[in-house]
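Here is the structure we will look at.
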Amino acid sequence: MTPHKAAEPITGAQSIVKTLEALGVDVLFGIPGGMILPTYDPLFASKRLRHILVRHEQGAGHAASGYARATGRVGVCMVTSGPGATNLVTALADATMDSVPVVAITGQVPTTSIGTDAFQESDIVGATMPVTKHSFMVTDADKIPETLAAAFHIASTGRPGAVLVDVPKSSQVAETTFNWPANMDLPGYKPTIRPHAKQVRAAAARLAQARRPVILAGGGTVIAGAGRELTELVELTGIPVVTTLMGLGAVSDLHPQHLGMPGMHGTVAAVAALQRADLIFAIGCRFDDRLTGRLSSFAPHAAIVHADIDPAEIGKNKAVDVPIVGDAKEILKALIEQLTERYASQPQADLTAWWRQINHWRGSYPLGYPEPSDGRLAPQHVIQRIAALAGPDAVFASGVGQHQMWSAQFLTFTQPRQWLNSGGLGTMGYGVPAAMGAKVGRPDAPVWAIDGDGCFQMTGQEIVTCALNSIPIKVAIINNSSLGMVRQWQTLFYGSRYSNTDLHTGSDDQLIPDFVKLAEACGCVGLRCERPEDVDSTIHKANEINDLPVVIDFQVSRDAMVWPMVAAGASNDDIQYARGLAPQWEAE
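When you line the sequence shown up against numbering that gives the first Met the number 0, it's residues 0 to 587, in that order.
Quick look at the structure:
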């Protein structure tokens with residue numbers, strides 16, 4: 000739609016609503032308050048914008064992020080000034096670290112009150128500058144359309160991220176006319192989309208000649224919608240591929256060349272392949288510490304080809320032999336073209352010995368888990384069965400901790416945008432509001448939140464939002480009565496001294512809180528599962544309920560641990576397959 004100039008004067012608040020409509024926004028998540036109230040008035044009259052009233056501003060931010068990640072569109076949230084805005088900071092930092100396009104609109108005290116410590120004043124532009132891609136303040140109501148249009152453009156292009164637009168109340172009530180910007184003039188902001196041909200040729204030559212190559216695909220491939228091209232490159236070259244925590248689904252988990260997730264809790268095959276590679280083609284990833292372990296010992300024999308749309312990431316952590324700046328989809332298209340031409344005239348390096356070694360790792364060290372000795376459920380089994388029964392098009396959002404890693408390991412991702420989690424910031428409480436946003440964006444897809452009992456108690460109040468707004472998500476609480484990942488570290492590194500990790504939710508005589516009663520009090524269906532033989536029937540029952548949110552309390556063993564594991568700061572060479580067990584690296 001091309002907006003037209005309004006003949007009649009309008010308020011800045013009306014201009015905000017008209018601009019959001021013109022940008023194609025269909026839903027926004029938020030909470031009103033004094034300094035954003037002028038905008039909520041015309042929002043009430045909009046026939047094109049659905050507003051979802053959340054229970055906490057952090058929930059609004061994560062819901063916008065979940066919507067964005069599930070749909071590929073910009074997620075939008077709107078809150079008031081002061082604590083309303085500061086409550087958004089965690090969600091904005093989370094979105095920016097994981098490259099999620101989110102635009103946050105915040106109210107602000109009138110310009111005449113800025114700097115006076117007025118009621119509910121906070122310098123949210125200053126506070127969010129380090130954790131957003133950009134932050135604006137609009138002091139001139141005439142500039143509302145061009146500022147919001149710029150915010151959406153910045154949030155969704157190049158390396159996506161969160162953008163904040165702070166609008167003082169004086170700008171919202173001021174009289175203005177609605178003028179759509181004729182062009183997008185953002186000096187200094189020119190993301191590189193198409194890669195340099197010389198760098199692509201150099202990468203193609205390295206890939207064709209390597210004898211132990213690995214393709215390392217990160218979240219950038221999902222963001223770019225490059226899953227098809229990535230799979231084509233994998234099949235064209237015959238090279239093994241690993242997908243990072245944020246890249247899961249970029250190549251189907253069922254693809255025979257996919258080795259799984261690398262990193263701290265990755266598969267032995269994925270970690271070992273990177274450590275023994277002579278070439279790593281990394282695309283859309285940033286070589287973070289959870290992937291590399293001790294950086295100085297990561298992939299010591301590998302040449303690195305690093306492709307990313309953000310030039311600041313290339314060489315930031317790992318020295319690079321061939322840098323390529325550009326959009327992942329465009330890079331992969333160019334690389335496939337180069338390799339196709341090259342293979343027509345030159346033979347590819349023989350990868351037979353490399354695959355023999357890889358298959359030794361895959362066969363000897365598959366993902367698995369022991370049965371709990373305390374009679375409770377194995378969390379890995381619960382997650383496997385959810386994956387099997389949710390359907391191939393299900394979307395999964397997780398909180399952060401053990402359940403996040405078990406989900407990454409034991410769910411099955413066959414397509415991009417099935418997996419939503421907080422990777423970079425590691426935000427507990429991400430799961431439920433993100434699932435809510437995902438369900439709003441993709442109402443026909445089954446949406447599950449895999450949450451921990453600790454995470455759920457941070458943002459679980461958003462099930463009320465889901466119940467009141469007919470957003471029928473499923474929430475699986477992997478309830479081990481503990482802050483599980485911290486407890487695992489205490490077991491391994493602190494002599495089993497469990498300082499402040501017991502959440503007291505698993506005693507036989509009293510459940511605090513009782514998640515089933517809590518769910519029912521919030522207008523949801525509450526279920527509990529305590530026996531392995533009831534897991535499937537409980538999941539089936541949840542799947543049959545499609546008019547209300549469902550919360551399932553899965554009572555799992557608190558002694559279950561996430562394996563494999565590389566201890567923080569250790570070398571990936573020191574990966575443990577299970578407690579006290581290290582893999583044999585070389586095939587016999």
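Just so it is clear, CB atoms sit at the ideal spot from N, CA and C, and this is done for glycine as well. Since the structure is predicted, the reported quantities are computational estimates derived from the model, not experimental observations.
Residue 183 - DSSP class collapsed to helix/strand/coil:
In the sequence shown, residue 183 corresponds to position 184, counting from 1. Correct three-state label for residue 183: coil.
Report yes if the CB atom of residue 545 is closer than 8 Å to the CB atom of residue 51, and no otherwise.
Numbered from 1 along the sequence shown, position 546 holds the residue referred to as residue 545. Numbered from 1 along the sequence shown, position 52 holds the residue referred to as residue 51. The answer is no: Cβ separation not under 8 Å.
Comparing C-alpha positions only, which one of 274, 561, 396 and 282 sits nearest to residue 454?
Within the sequence shown, residue 454 is the residue found at index 455, counting from 1. Closest option to residue 454, Cα to Cα, is 396.
Figure out for me which residue from 192, 195, 186 and 128 has the closest Cα to the Cα of residue 164.
As a first step, residue 164 must be located in the sequence shown, where it is residue number 165. Minimum Cα distance to residue 164 is reached at 128.
Rounded to the nearest angstrom, what separates residue 664 and residue 22 at their Cα positions?
The chain is shown only over 0 to 587; residue 664 falls outside these bounds and no answer can be derived.
Whole angstroms are fine: how far does the CA of residue 113 sit from the CA of residue 45?
Locating residue 45 in the sequence shown gives position 46, where the first residue counts as 1. Locating residue 113 in the sequence shown gives position 114, where the first residue counts as 1. Near 30 Å, if we compare the C-alpha coordinates of residue 113 and residue 45.
Where does residue 460 fall in DSSP's three states?
As a first step, residue 460 must be located in the sequence shown, where it is residue number 461. Of the three classes helix, strand and coil, the one that applies to residue 460 here is coil, per DSSP.
Might you give, ordered along the chain, the residues of its own chain that have their beta carbon closer than 7 Å to the beta carbon of residue 540, omitting 5 neighbours on each side?
For the purposes of this step, residue 540 is taken as residue 541 along the sequence shown, with counting starting at 1. Answer for residue 540: 526, listed in chain order.
The region 276-292 / the region 175-187 touching (three or more Cβ pairs under 8 Å)
no
Whole-angstrom distance between residue 569 and residue 389, CA atom to CA atom
By one-based count along the sequence shown, residue 389 stands at place 390. By one-based count along the sequence shown, residue 569 stands at place 570. Rounded to the nearest angstrom, the two C-alpha atoms are 37 Å apart.
Scan the region 348-381 and note each continuous alpha helix (DSSP H) run of 4 residues or more that stays entirely inside, going in chain order.
351-363
Range covered by the alpha helix (DSSP H) that runs through residue 96
Working through the sequence shown from its first residue, we reach residue 96 at position 97. Looking at the DSSP string, the run of the alpha helix (DSSP H) that includes residue 96 is 88-96.
Contact between the region 353-365 and the region 404-413 (3+ Cβ pairs under 8 Å):
no
How long is the line joining the alpha carbons of residue 0 and residue 209, rounded to whole angstroms?
Position 1 of the sequence shown, counted from the start, is the residue given in the question as residue 0. Position 210 of the sequence shown, counted from the start, is the residue given in the question as residue 209. Caution applies to residue 0, whose pLDDT of 46 falls short of 50 and renders its modelled position unreliable; the model cannot decide the point.
The region 456-466 / the region 486-500 touching (three or more Cβ pairs under 8 Å)
no
What ranges does the beta strand (DSSP E) occupy inside the region 253-301, keeping only unbroken runs of at least 3 residues that lie completely in it?
278-282
Compare the beta carbon distance of residue 605 and residue 77 with 8 Å and say whether it is the shorter of the two.
This structure leaves residue 605 out entirely; the chain is present only between 0 and 587.
Report the start-end ranges of each beta strand (DSSP E) in the region 530-579 that is 3 residues or longer and not cut off at the edges.
549-554
Which of helix, strand or coil DSSP assigns to residue 40
As a position in the sequence shown, residue 40 is number 41, starting the count at 1. Looking at residue 40 - three-state DSSP - the assignment turns out to be helix.
Note down, in chain order, each residue of its chain lying with its Cβ closer than 7 Å to the Cβ of residue 126, except the 5 sequence neighbours on either side.
Taking the sequence shown and counting its residues from 1, one reaches residue 126 at position 127. 85 and 88.
Can you tell me which of the three DSSP states residue 525 falls into?
Locating residue 525 in the sequence shown gives position 526, counting from the first residue. The answer is strand: DSSP assigns residue 525 an E or B state.
Bounding residues of the alpha helix (DSSP H) (the contiguous stretch that carries residue 492)
As a working mapping, residue 492 is identified with position 493 in the sequence shown. Here the alpha helix (DSSP H) through residue 492 covers 483-492.
Out of 7, 257 and 393, which has the shortest C-alpha to C-alpha gap to residue 443?
For this step, residue 443 is matched to residue 444 along the sequence shown. Minimum Cα distance to residue 443 is reached at 393.
If you run the structure through DSSP and keep just helix, strand and coil, what is residue 313?
Here residue 313 corresponds to residue number 314 of the sequence shown, with the count starting at 1. Three-state DSSP puts residue 313 in coil, outside helix and strand.
Considering only DSSP beta bridges, list what residue 175 is partnered with.
Here the question's residue 175 lines up with position 176 in the sequence shown. BP columns for residue 175 point to 9.
Assuming residue 154 contacts residue 166 (C-beta within less than 8 Å), just tell me the rounded distance between them.
Counting from one through the sequence shown, the residue named residue 154 turns up at place 155. Counting from one through the sequence shown, the residue named residue 166 turns up at place 167. The pair is not a contact, with the Cβ atoms about 16 Å apart (cut-off 8 Å).
Thinking C-alpha only, which one of 436, 199 and 264 is nearest residue 328?
Residue mapping note: residue 328 aligns to position 329 of the sequence shown, counting from 1. For the residues 436, 199 and 264, the minimum Cα distance to residue 328 belongs to 199.
Alpha carbon to alpha carbon, what distance is there between residue 141 and residue 521?
The sequence position of residue 521 within the sequence shown is 522, counting from 1. The sequence position of residue 141 within the sequence shown is 142, counting from 1. Roughly 43 Å separates the two Cα atoms.
DSSP has residue 107 in a bridge; who is on the other side?
By one-based count along the sequence shown, residue 107 stands at place 108. In the DSSP output, where bridge partners are listed per residue, residue 107 has 167.
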